[in-house]
Amino acid sequence: MEFVLMGFSENPHLQWILFGIFLLMYVTILMCNSIIILLTNLDPNLQTPMYFFLSHFSFLEICYVTVTIPRMLMDLCTRKGNISLFACAAQMCLILTLGGTECLLLTVMAYDRYVAICHPLNYALIMNQKVCVQLVAASWISVIPVVIGETYQIFSLPFCGPNRINHFICDIPPVLKLACGDTFVNEVEANVVAVVIVTVPFLLIIVSYGKIISNILKLSSARGRSKAFSTCSSHLIVVVLFYGTASITYLQPQTNQSEGLGKLLSLFYTVFIPTLNPIIYSMRNKDILMALKKLKTNRLK
């Protein structure tokens, strides 16, 4: 009825250092993403589909880290990783749901850039408010039944052996290692879900950027090419970082994955990358920086 998350118990002398680092990262993620949400909703110049999707992406990042980091901080503080079976299943379900939603939302953002660059004259017509809301809603809702089914299948397995999860979150690979009996079918199901949620959106992003790059290279003006590339660069960096670590974690056979590597990769896509994402989007975006300066000026007045 209970698991024990081992977390970072192999480094007991670093517990409080890790606690300080993760707490700082969590506060940074909350502040930076909240600022982006505030700016994209208040500044009239940011009332475009691109920033509409960015505000939802920022909200998603806040939800994503809130599912994982507070639990990590509590375990580091108390040095106890006890977690009930239900709480473990709930955490896994939320992590997979939010991770899958992020995959789809990144795909939607790539499609938005494709329409903006390849069909600029019809951009406002194609990416109208109704379509934007529908795309965001579909990103949030479509993964839920798949993830609930996958989580139910995993936690329907008998767990009759050790209850210590050598991880800091309830993720698929470390939980499956504790299940009794043959988990081959569950591993196949997990890989199929990963292909549907991770690989298919990634291929759609590649197709979108293939057409975007082809269209940009046709531009005669060097300045026009530079401006077009700059509108896509932040999103492309985020895609590479997120998909790089997520694909290694979920698309390789679970038996071939070392526990240390799995834990390190999970740290990247659950903590480090969400910390970098708002910095990447804000520091490389003139409109965001301009809106931030305007907000500061108005507050000083």
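So in our numbering the end of the sequence shown lands on 308, straight run, no missing numbers. Built from N, CA and C at the ideal position, the CB exists for glycine as well. None of the values given here were measured: they were computed from a predicted structure.
Could you say if the stretch 34-50 and the stretch 201-215 meet the contact criterion of at least three C-beta pairs nearer than 8 Å? No, they do not touch.
Cβ distance (whole Å) where F29 is taken to contact M79 below 8 Å: Beta-carbon to beta-carbon, F29 and M79 are separated by about 6 Å, close enough to satisfy the 8 Å threshold.
Sorted by chain position, which residues of the same chain lie with C-beta nearer than 8 Å to T170's C-beta, five sequence neighbours on each side aside? Thr is not the amino acid found at residue 170; the sequence shown has Asn there. Spatial neighbours of N170 in its own chain (CB-CB distance under 8 Å, excluding positions within 5 residues in sequence) are listed in chain order as E9, F10, V11 and L185.
Cβ-Cβ distance between C95 and I172 below 9 Å: At the C-beta level, C95 and I172 come within 9 Å of one another.
Secondary structure of F59, DSSP reduced to three states: Looking at F59 - three-state DSSP - the assignment turns out to be helix.
By the DSSP assignment, the alpha helix (DSSP H) with V115 in it spans what residues? Taken as a continuous stretch (DSSP letters only), the alpha helix (DSSP H) holding V115 covers L92 to C125.
Taking only three categories from DSSP, how would you classify R5? As displayed, the chain neither begins before 8 nor continues past 308, which places residue 5 out of reach and without an answer.
Segment limits, alpha helix (DSSP H) that includes F279: Note, F279: premise wrong, no alpha helix (DSSP H); not H, not E.
What are the boundary residues of the alpha helix (DSSP H) that F15 is part of? Premise fails: F15 is in no alpha helix (DSSP H) and is neither H nor E.
Tell me the DSSP bridge mates of I172? I172 pairs with L12.
Which of the three DSSP states is assigned to F166 in this structure? Under the three-state reduction of DSSP, F166 is assigned to coil, being neither helix nor strand.
Tell me, to the nearest whole angstrom, how far the beta carbon of T277 is from that of T75; I am working on the premise that it is less than 8 Å. That pair is a contact at about 5 Å.
Cβ distance (whole Å) where Y118 is taken to contact S237 below 8 Å: Taking the Cβ atoms as the reference, Y118 lies roughly 19 Å from S237, outside the contact range of under 8 Å.
Less than 9 Å between the C-beta atoms of L283 and L243, yes or no? Cβ distance not < 9 Å, so L283 and L243 don't count as in contact.
Quick one: Cα of L111 to Cα of S146, how far? Near 5 Å, if we compare the C-alpha coordinates of S146 and L111.
Inter-residue Cα distance where the pair is Q141 and K225: A straight-line Cα-Cα distance of about 32 Å links Q141 and K225.
The alpha helix (DSSP H) spanning T206 covers which residue range? Unbroken run through T206: none, as it is neither H nor E.
Under the three-state DSSP convention, the category Q54 falls into: Q54: coil per DSSP, three-state reduction.
Does DSSP classify L185 as helix, strand or coil? Coil at L185, not helix or strand.
When you compare each of L271, V246 and K300 to G106 by their alpha carbons, which one comes out closest? Selected option, being the one with the closest Cα: V246.
Taking DSSP as the reference, what is the three-state secondary structure of K293? Helix.
Beta-carbon separation (whole angstroms), P56 vs C125, contact threshold 8 Å: Incorrect: roughly 15 Å between the Cβ atoms, too far for contact.
Less than 9 Å between the beta carbons of F64 and L101, yes or no? The criterion of a C-beta distance shorter than 9 Å is not satisfied by F64 and L101.
Looking at the secondary structure, which residues open and close the alpha helix (DSSP H) in which V143 lies? For V143, the uninterrupted alpha helix (DSSP H) run begins and ends at Q136 to I148, by DSSP.
Which of helix, strand or coil does DSSP assign to S221? When secondary structure is reduced to three states using DSSP, S221 falls in the helix class.
Would you call K270 buried or exposed, if buried means 16 or more other Cβ atoms sit within 10 Å of its Cβ? K270 comes out buried.
Measure the alpha-carbon distance for V34 versus S273 and round it to whole angstroms. Taking the Cα positions, V34 is about 19 Å away from S273.
With a threshold of 16 other CB atoms inside 10 Å of the CB of H20, please say whether the residue is buried or exposed. With fewer than 16 Cβ atoms within 10 Å of its Cβ, H20 is classed as exposed.
Just checking my contact of Y121 with I219 at CB under 8 Å: how many whole Å lie between their CB atoms? Right, the Cβ-Cβ distance comes to about 6 Å (below 8 Å), so this counts as a contact.
Excluding the 5 residues preceding and the 5 following L25 in the sequence, name in chain order all residues of the same chain whose CB lies nearer than 7 Å to its CB. Closer than 7 Å at the Cβ level, and outside the excluded window around L25, lie F15 and L83.
What whole-angstrom Cβ distance do M81 and D178 have, given they're in contact under 8 Å? At roughly 18 Å, the Cβ-Cβ gap does not stay under 8 Å, so M81 and D178 are not in contact.
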